[in-house]
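Here the structure is laid out as structure tokens; the discussion comes afterwards.
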Amino acid sequence: MKQSAVYDATSSLRPNAFVINETKSTSTVASRIQVKGYMTYKSQGVRTEGKSKTGKWGVIVGIEDSLHAQRVEGFCHRFIGLYGEFEEEEASNFWRLIIHLCQQAPYSWSIEGDCNATTSSVESTGENYRLTHARRQYADFLRITNGKDLWMEQPDRNATNTFTYKGPFGQSIIDRMAHSTVGVLGGSIAISKVFIPATDPRAIVASIALCASSILPFPNYLLYEIPANPYRTAA
């Protein structure tokens, strides 16, 4: 049921990239979500202690194999789909690695996924989701990489209406997208209207506008007249 909902959502919305967090399986499950036109990457889940068949931390990332763009010089954008660690020590090592990956990006970068972190009190209704260490480590990540968080760009966000996760101890905004200040003009984020059953988090939909480091001269990439179709046959 959940796999069918994910397939239907990606097939209808056709995002340039999608991230699926916590697959709860120690085997590769990306092959179960075969969406035409996407290259799929997966990080296999880690076995849960005491349970032989279940796991956690599994992540699937899908990248559209053909993107539409203006005529610009090619550039590399690093997209990272992630599931943030929860425990303080593991989270510290995790964000240190993500910082390194972003700093080593050839040009621009963006991250998306469950960061397991809020950035202010308005993003949570429960104390359990206001972990000081998680908030500090995510803030350090943004500061060190000079990154921008899309939820933080929305002053009207709140855990009552725009929560991404609802659990037994409250609601919170922990599923996020952040991007570099280089090569990105701006972006937006919202709760998706698509319902995914049998899961606690709500799907988010985010977009960013990428900008090449050097754009071709104005007349070369923006035409005033539509050129004739060279493949049209004469009547």
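Be aware that the sequence shown starts at 1, since it is given in UniProt numbering, and climbs by one per residue.
The beta-carbon is built from N, C-alpha and C at its ideal position, and this holds for glycine as well.
Treat the numbers as computed from the prediction; the structure is a model and nothing was measured.
What is the DSSP secondary structure of TYR138, reduced to helix, strand or coil? helix
Less than 8 Å separating the beta-carbons of TYR138 and ALA117? yes
Below 8 Å between beta carbons: does that hold for MET152 and THR199? no
Please return the same chain residues whose Cβ sits closer than 7 Å to the Cβ of THR162, not counting the five positions on each side in sequence. ILE173, ILE191
By the 10 Å Cβ neighbour count, where 16 or more other Cβ atoms means buried, how is ARG96 classified, buried or exposed? exposed
Taking LYS42 and ILE60 to be in contact with their CB atoms under 8 Å, please state how far apart those CB atoms are, rounded to whole angstroms. 5 Å
For TYR165 and GLN104, I'd like the C-alpha separation in whole angstroms. 31 Å
First and last residue of the beta strand (DSSP E) that includes LYS18? Sequence inspection shows Phe at residue 18; the Lys mentioned does not correspond to that position. That run of the beta strand (DSSP E) goes 17–21.
Spatial distance of TYR7 from THR40 (CA atoms): 13 Å
Would the beta-carbon of VAL184 fall within 8 Å of that of ILE204? no
On a CA-only basis, which of ARG202, ALA178, LEU13 is nearest ASN21? Give me that one, please. ARG202
Can you give the beta carbon distance from LEU150 to ALA206, rounded, assuming they're within the 8 Å contact cut? 6 Å
Using alpha carbons as the reference points, say which of CYS115, ILE196, GLY167, SER108 lies closest to GLY186. SER108
Taking the alpha helix (DSSP H) that TRP95 falls in, what are its first and last residues? 88–103
If you draw a straight line from the C-alpha of GLN3 to the C-alpha of ILE33, how long is it? 7 Å
Helix or strand or just coil, what does DSSP make of ARG176? strand
With DSSP run on the structure shown, which of helix, strand or coil describes ILE80? strand
With distances taken from CA atoms, which of SER188, CYS115, VAL19, LYS193 is nearest PHE79? VAL19
According to DSSP, is ILE191 helix, strand or coil? strand
Cut-off 7 Å between Cβ atoms - residues of its own chain near PHE94, not counting five sequence neighbours on either side: GLY84, GLU85
Is the beta carbon of SER188 sitting closer than 8 Å to the one on ALA159? no
Please list, in chain order, all residues of the same chain as ALA134 whose beta carbon is under 7 Å from its beta carbon, the five residues on each side excluded. ALA91, ASN116, ALA117
Need the endpoints of the beta strand (DSSP E) that TRP109 sits in, please. 108–114
Does the beta carbon of TRP151 fall short of 7 Å from some heavy atom of the ligand MG? Looking for the ligand MG in the displayed structure turns up nothing, as the structure carries no ligands at all.
Backbone CA spacing between GLN44 and ARG136 [nearest angstrom]: 28 Å
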